[in-house]
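First up is the structure itself, then whatever we jot down about it.
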Amino acid sequence: MSRLRDVGEFGLIARIAKLAKSAPHVIEGIGDDCAVLRLDKRILLVSCDLSMEGIHFLPGTPPEAIGWKSAASSLSDIAAMGGVPDFVLVSLACPPDCDVAFIERIYDGLFDALAQCGAVLIGGDTSRSPAGLLLDVTSIGEAAGDRWLTRKGARPGDCLVTTGHPGLSAAGLHALEHGHDAPALVRAHLQPTPRIPEGQWLASRAEVHAMIDISDGLAQDAGHLAEAGRLGVNIKKQLLPIHAELAAYAAEYGGAAEAFALAGGEDYELAFAVDAQACEEILAAFRREFRTPIAVVGRFNDAWHGVRVDGEPMAQGGFEHFKDR
Ligand code: ADP
Ligand code: MG
Numbered sequence: 162m163s164r165l166r167d168v169g170e171f172g173l174i175a176r177i178a179k180l181a182k183s184a185p186h187v188i189e190g191i192g193d194d195c196a197v198l199r200l201d202k203r204i205l206l207v208s209c210d211l212s213m214e215g216i217h218f219l220p221g222t223p224p225e226a227i228g229w230k231s232a233a234s235s236l237s238d239i240a241a242m243g244g245v246p247d248f249v250l251v252s253l254a255c256p257p258d259c260d261v262a263f264i265e266r267i268y269d270g271l272f273d274a275l276a277q278c279g280a281v282l283i284g285g286d287t288s289r290s291p292a293g294l295l296l297d298v299t300s301i302g303e304a305a306g307d308r309w310l311t312r313k314g315a316r317p318g319d320c321l322v323t324t325g326h327p328g329l330s331a332a333g334l335h336a337l338e339h340g341h342d343a344p345a346l347v348r349a350h351l352q353p354t355p356r357i358p359e360g361q362w363l364a365s366r367a368e369v370h371a372m373i374d375i376s377d378g379l380a381q382d383a384g385h386l387a388e389a390g391r392l393g394v395n396i397k398k399q400l401l402p403i404h405a406e407l408a409a410y411a412a413e414y415g416g417a418a419e420a421f422a423l424a425g426g427e428d429y430e431l432a433f434a435v436d437a438q439a440c441e442e443i444l445a446a447f448r449r450e451f452r453t454p455i456a457v458v459g460r461f462n463d464a465w466h467g468v469r470v471d472g473e474p475m476a477q478g479g480f481e482h483f484k485d486r
């Protein structure tokens, strides 16, 4: 008998993908941030994301943050393709003794996240839960123009670029778990911003070849880009955009800021592959358009497969359900 612990989250998804049939309108099925469907001339993007008490949020998390983050993590997958989010559906399971006002506050947070990008709630499902809260948010959107990005498409020599400051969210979770006072990090963890306009802008540039959102950690998600392109990617520690708050937090509590940035998850930043010749110009144009930080952190190559940091394989890659807990 093979157990989930042994095959892991991605091993399980690969098995499920083998069982799934394709259909004429499915451009991308299982394996990318969103499913991509062609309906007449329109390109539809669909993704769902599960948030479970004790796994994705700690008991005691403010309800507005639960709602915001559940929506943000799902909308982020639309951002990862460069899409425009339009609609969401929410499936909710909660214990019968749950306070109704608490649930309403979850929806306040969720509606705030939707309002940020103009998406609307159009349905869902509700169930009793034997223990703990569970929310699953399905996002439906469409490609912004005639171009959308997938995880596949990185080319040898491309630069690996990230938005934002990866690692802030994981450090925020660490602070919450240890009762440390770090409001900026906790905010990054509880209220991540899906990079929707940034994603659309990046997808409109032909020199950007592939993209993913960082949900499982920069290194692991960069690894997904490399794997989809049958390439290797080398991340340089020295290039990591370490936020000053993260550096200070890591110094105070004995962790390595780089470890948070590489392996911490739930940043919901965008990581993408861009043509090396065009990279500097694209970053300069991005900075004129957005205040969101952006930095080159590595390079793709066809000499080997997988992800390395300063040329060395990583001991601990990032978050994977079943293996980590
Ligand atoms: P993300 O981190 O972007 O949300 P995941 O790692 O959760 O992506 O999922 C990777 C791919 O596998 C996606 O295409 C997703 O739709 C698909 N997937 C994940 N779990 C399942 C499942 N239980 N059944 C079918 N497809 C799944
Ligand atoms: Mg994703």
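Using the numbering used here, you'd call the opening residue of the sequence shown number 162 and step up by one each time. All residues carry an ideal CB built from backbone N, CA and C; glycine is no exception.
Starting from residue i, trace the beta strand (DSSP E) in both directions and tell me its first and last residue.
i      : result
HIS370 : 369 to 374
PRO246 : 244 to 255
GLY500 : Coverage of the chain is limited to positions 162 through 486, which leaves residue 500 absent and any answer about it impossible.
Using three-state DSSP, classify residue i as helix, strand or coil.
i      : result
PRO185 : coil
ASP286 : strand
PHE433 : strand
GLY390 : coil
GLU487 : The requested residue 487 is not part of the displayed model; the chain covers only 162 to 486.
PHE480 : coil
ALA233 : helix
ARG486 : Residue placement at ARG486 cannot be trusted, given a pLDDT of 43 that sits under 50; what the coordinates show is reported in the next sentence. Of the three classes helix, strand and coil, the one that applies to ARG486 here is coil, per DSSP.
GLY192 : coil
GLU427 : coil
PRO474 : strand
GLY318 : coil
PRO400 : Note that residue 400 corresponds to Leu in the displayed sequence, not to Pro. Helix at LEU400.
LEU219 : coil
LEU198 : strand
GLY467 : strand
VAL281 : strand
For the alpha helix (DSSP H) that contains residue i, what are its first and last residues?
i      : result
ASP273 : 261 to 278
CYS440 : 437 to 450
PHE171 : 165 to 180
ILE455 : Element bounds for ILE455: not the alpha helix (DSSP H) but the beta strand (DSSP E), 455 to 462.
ALA349 : 344 to 351
ILE204 : That residue, ILE204, is in no alpha helix (DSSP H); its beta strand (DSSP E) goes 203 to 213.
GLY360 : 357 to 364
LEU407 : 405 to 414
Around the C-beta of residue i, are 16 or more other C-beta atoms found within 10 angstroms, so that it is buried, or is it exposed?
i      : result
ARG166 : exposed
VAL458 : buried
PRO474 : exposed
LEU351 : buried
MET242 : buried
ARG486 : For ARG486, the predicted structure reports a pLDDT of 43, less than 50, and the residue's modelled location is therefore unreliable. A value from the coordinates is still provided. Burial call: exposed.
ASP194 : buried
TRP132 : With the chain covering 162 to 486 only, the question about residue 132 has no answer from this structure.
TRP309 : buried
SER300 : buried
PHE461 : buried
HIS326 : buried
TYR429 : buried
VAL261 : exposed
ASP382 : buried
PHE263 : exposed
TYR268 : buried
ARG469 : buried
ASP319 : buried
ILE283 : exposed
So, does the CB of residue i fall closer than 8 Å to a CB anywhere in chain C?
i      : result
VAL251 : No chain C appears in this structure, which consists of one protein chain only.
Compute every distance between the C-beta of residue i and the non-hydrogen atoms of the ligand COA, then say whether any falls below 7 Å.
i      : result
ILE177 : Although the ligand COA was asked about, the structure shown includes only the ligand ADP and the ligand MG as ligands.
Stretch pair the region 381 to 399 + the region 443 to 452: three plus CB contacts closer than 8 Å: No, the region 381 to 399 does not touch the region 443 to 452.
Residues passing the C-beta test against the ligand MG heavy atoms, cut-off 7 Å: In chain order, the hits are ASP194, SER237, ASP238, ALA241, ILE373, ASP374 and SER376.
Touching by the beta-carbon criterion (3+ pairs, under 8 Å), the region 301 to 318 and the region 401 to 416: No, the region 301 to 318 does not touch the region 401 to 416.
The region 243 to 262 contacting the region 451 to 466, beta-carbon criterion three pairs below 8 Å: In short, these stretches do not touch, since the Cβ pair count stays below three.
Inter-stretch contact at 8 Å, needing at least 3 Cβ pairs: the region 209 to 225 / the region 290 to 299: Touching, per the Cβ criterion.
Cβ contact check for the region 312 to 324 and the region 371 to 379: 3 or more pairs under 8 Å: Three or more beta-carbon pairs separated by less than 8 Å link the region 312 to 324 to the region 371 to 379, which places the two stretches in contact.
At least three beta-carbon pairs within less than 8 Å, the region 175 to 191 to the region 220 to 236: Cβ pair count under 8 Å is below three, so no.
Cβ contact check for the region 418 to 426 and the region 351 to 367: 3 or more pairs under 8 Å: Output reads no: the region 351 to 367 does not touch the region 418 to 426.
Inter-stretch contact (C-beta, 8 Å, three-pair minimum) for the region 231 to 247 and the region 341 to 361: Judged by pairs of C-beta atoms under 8 Å, the region 231 to 247 touches the region 341 to 361, as three or more such pairs exist.
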